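Chains as they are written, first to last, in the working numbering: chain A, 1316 to 1595; chain B, 311 to 574; chain C, 5 to 357. Beta carbons are placed, not taken as given, at the ideal position from N, Cα and C, and that holds for glycine. Remember, it's a predicted structure, so these values are computed and weren't measured experimentally. Only one structure is covered here, and it is reproduced in the block below.
Structure (structure tokens):
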């Protein structure tokens, strides 16, 4: 048993090599920048810079946007996945494609399209005007940034949950129903727990990348609101202060890793206690 | 009755989400027929841009590079990612946490940080060109595959595999016959997420490409200043229509059964 | 599962078909020049024509901003032979010894570029030793005359609060500060901290009135009527007017920024003769005209200006009058300390509510 487990670990060999070569080493390049100043002397100032009022404000705002967007994605994803089940589309991978197909159109073109929809003289206000609802000022606000983020990341939340829920046997749900569970109970006691690994993946794929988002804030936020991603990008491209940019980036990474370490632990604990880990 | 209502509600909800996901695509399709070069002015209906598109060598080359890059990087990432996920899920908690921490790095870093770091690293041992972009894409693609496959491994029923081994199947055969079908959903979505990430990436590609290499993303970004060329909207519409029709055809071709069915 | 394979297989076929075998990676023999330019800043035909006429292959790469160009160049990943970038970045590269001297007088078509533009270039390239002017323009206000009834001739409209919520400012530290500094009557190349802080206060006070800070989308927002006025580059203004004839462009009387993009040869270039040939080619009248008609920014090529239509020549966004550029300055600021201060202040403007 243990032997087979060890052999299986070996399968991750190619990936580990790859990760060391192209993820870990480049990371050290960045860390070196983060821990030095322009003259090359060691400093921790670039890391602590994240606590500067301006940077901190942007970080907190990013955190708000990322958390809210992730939550909205979760709230939108579950009913969608259940709707797929209800309509017997869960086994149909066609739907999976339909979900991801919009993402094949270039990102910037889609975000520019949203700008045209949301702007003051835009498509949304044109339609609202026709039915007599006054123009909404969504453009260049936090709301429009959030719409953009939710739009761009929703499929990454839906897909893993979809995959997890699709796998649940109808018999299991029927059984729960037969035992007197109403829909809510069935969801809470059966579907939701079984979808947890998918949810974890979804949260990681939505929350983490949206923390460093900057293009959406520039275009849909009208550059009036600053995310920490904007600041990092600025330090690298506009100000040419790589040390500070790297410092902020590393500090942010540390913060996210620490806050995620906990989630990770429970995540894996679930896996190894479940059937998969035990059987192998 | 209740069932029908809930099915109806499900349908409406599904439609609403699809509408949300597809409305920008709709806008882009409309723009591809816009007679004006400006995206904010309607200049009457035209198909001119489609004609121009086909005579534009640069766009064709960029499209080729984009698709090739997305396909190879997604494929390699899926292979490496599948093996990695199988291995990672067998790890003890401490190693697991460490490896997953590393896996999350490309997601944690802002694209620009990943892009510049890779560029600085590549410069030391290889010329920038197609292969450097490819390596970069594979690097940021693998985590998506791992994240898509891991939940599937958790749900996987290993007893079938054990049974097949007990019945004398080799490890490889047992794997293809019993494990792969169970992971198919995760693999497919992993592959397509990777494909999508690669198609969409601009920043990392920008910093790791060599001179003369263009993807659609880098082309579109370089056009932002002067206004996106309507040809790009035409191209997007064509890609969209082609994939959509393809999907319909595949979906309505009589199903020969899953690999799973073949095995059983 | 089977369907998946079919789908993927079909996708691969499509890839192959669409890319038309894409076997263009073959090694080119003979001379090659690697050229780094802004996006959409040269007619692709010009490049192929150059190769046809001289046999010299061009490897062409595009960048979005001078800073991104600098990052990529400095990383040393690609040996660029020629690059086209803006005034202050050219000065920075010169100061760092990254550029090669060229013999401007040996250019056959030197005379096509007007003396005025060589003088502009001399503001950062003393004696015209390194750079050849390519395109230029001004920064000014693009506004909607159908809704802004008063004549606009001053930066004041951006700061007096009358058009609150309808103004678009540049999303770039330099351009935003230029506006404020010129409005206050200072040089845009000032190193005086007091003057810069004064401009900062002005911009900070202005922020609630600003609808958005945009660079590339500013023109479209005014064309679409989402905003009444925007600070834009003159070339954008010309295009804006093409899309919406109510739009007008003005270079405010307090003066503004004249920007100049030039081609230069890097020190890494191993074939200066080929580079020289390329520069000469760009100055040729027919080539400059092709590029002009592709880009529609102001050209420094007097030979091209001479054959413009009367309407084009009278367009302030295309051919600014000498009198309008009188108070304008070329940006030559490369002082690190001042730039750090500007960046710091800009960040705090962007962070304010």
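Proximal chain A residues relative to residue i, where beta-carbon distance stays under 8 Å
i, result
"residue 75 of chain C", "1551, 1552 and 1555"
"residue 180 of chain C", "Simply none; closest approach about 10 Å."
"residue 436 of chain B", "Under the 8 Å cutoff, chain A gives no residues; its nearest Cβ is about 12 Å from residue 436 of chain B."
"residue 323 of chain B", "1394, 1395 and 1398"
"residue 214 of chain C", "1539"
7 Å Cβ cut-off: residues of chain A touching residue i
i, result
"residue 217 of chain C", "1537, 1538 and 1539"
"residue 352 of chain C", "1369"
"residue 516 of chain B", "None at all; the shortest Cβ gap to chain A is about 10 Å."
Cβ-based burial, residue i [other Cβ within 10 Å; buried from 16]
i, result
"residue 403 of chain B", "exposed"
"residue 436 of chain B", "exposed"
"residue 560 of chain B", "buried"
"residue 348 of chain C", "exposed"
"residue 161 of chain C", "buried"
"residue 198 of chain C", "exposed"
"residue 313 of chain B", "exposed"
"residue 367 of chain B", "exposed"
"residue 547 of chain B", "buried"
"residue 1348 of chain A", "buried"
"residue 352 of chain B", "exposed"
Residue i, DSSP secondary structure in three states
i, result
"residue 290 of chain C", "helix"
"residue 1321 of chain A", "helix"
"residue 333 of chain C", "strand"
"residue 281 of chain C", "helix"
"residue 344 of chain B", "strand"
"residue 1447 of chain A", "coil"
"residue 263 of chain C", "strand"
"residue 1555 of chain A", "coil"
"residue 1428 of chain A", "helix"
"residue 242 of chain C", "helix"
"residue 89 of chain C", "strand"
"residue 1529 of chain A", "coil"
"residue 140 of chain C", "strand"
"residue 505 of chain B", "helix"
"residue 152 of chain C", "coil"
"residue 27 of chain C", "Low per-residue confidence applies at residue 27 of chain C: pLDDT is 40, beneath 50, and the placement is therefore not dependable, though the value from the model is reported in the following sentence. In the structure shown, residue 27 of chain C sits in coil (DSSP, three-state: anything other than H, G, I, E or B)."
"residue 302 of chain C", "strand"
Paired residues, beta bridge with residue i - DSSP
i, result
"residue 42 of chain C", "C:67"
"residue 135 of chain C", "C:268"
Chain-ordered neighbours of residue i on chain C, where CB pairs are closer than 9 Å
i, result
"residue 429 of chain B", "75, 76, 79 and 81"
"residue 1467 of chain A", "Within chain C, no residue comes near residue 1467 of chain A; the closest Cβ sits about 18 Å away, beyond 9 Å."
"residue 1476 of chain A", "In chain order: nothing, as chain C lies at least about 20 Å away."
Contacts of residue i in chain B (Cβ-Cβ under 8 Å)
i, result
"residue 1499 of chain A", "In chain order: nothing, as chain B lies at least about 13 Å away."
"residue 1420 of chain A", "334, 335, 338, 546, 549 and 550"
"residue 1562 of chain A", "Those within 8 Å of residue 1562 of chain A in chain B number zero; the least Cβ separation is about 11 Å."
Interface residues of chain C facing residue i [CB-CB closer than 8 Å]
i, result
"residue 346 of chain B", "247"
Amino acids of chain A, ordered along the chain, whose beta-carbon sits closer than 9 Å to that of residue i
i, result
"residue 229 of chain C", "1435 and 1436"
"residue 177 of chain C", "1549, 1553 and 1554"
Partner residues on chain B for residue i, Cβ-Cβ distance less than 9 Å
i, result
"residue 1512 of chain A", "460, 461, 462, 463, 464 and 465"
Under 7 Å by beta carbon: chain C residues contacting residue i
i, result
"residue 349 of chain B", "224"
Proximal residues of chain B, C-beta to C-beta of residue i below 7 Å
i, result
"residue 304 of chain C", "The premise fails here: residue 304 of chain C is roughly 19 Å from chain B at the closest Cβ pair, so nothing lies under 7 Å."
"residue 68 of chain C", "531 and 532"
"residue 63 of chain C", "521 and 522"
"residue 169 of chain C", "Those within 7 Å of residue 169 of chain C in chain B number zero; the least Cβ separation is about 19 Å."
"residue 1428 of chain A", "334, 337 and 338"
"residue 1544 of chain A", "420"
"residue 220 of chain C", "534 and 535"
"residue 38 of chain C", "521"
*Taking any Cβ of chain C, which residues in the region 1363-1382 of chain A have a Cβ under 7 Å from it, in chain order?*
Within the region 1363-1382 of chain A, 1369, 1372 and 1373 place their CB atoms closer than 7 Å to a CB of chain C, listed in sequence order.
*Mind checking the region 145-166 of chain C against chain A and listing, in chain order, the residues whose C-beta falls within less than 9 Å of any C-beta there?*
Flagged: no residues at all.
*Residues in the region 394-409 of chain B with C-beta within 9 Å of chain A's C-beta atoms, listed in sequence order?*
Residues 394, 395, 396, 397, 398, 399, 400, 401, 402, 403, 405, 406, 407 and 409.
*Compile a chain-ordered list of the residues in the region 1325-1351 of chain A whose CB is closer than 9 Å to at least one CB of chain C.*
Per Cβ criterion, the list is empty.
_Give me the subset of the region 476-507 of chain B whose CB atoms are less than 7 Å from a CB atom of chain A, sorted by chain position._
Cβ contacts with chain A: 495, 496, 498, 499, 502, 503 and 506.
*Note down, in chain order, all residues in the region 414-427 of chain B with a beta-carbon under 8 Å from any beta-carbon belonging to chain A.*
Residues of the region 414-427 of chain B with a Cβ closer than 8 Å to any Cβ of chain A, in chain order: 414, 415, 416, 417, 418, 419, 420, 421, 422, 423, 424, 426 and 427.
*Interfacial residues, the region 335-351 of chain C to chain A, with Cβ spacing under 8 Å*: Against chain A - using a Cβ distance shorter than 8 Å - the residues of the region 335-351 of chain C are 343, 344, 347 and 351.
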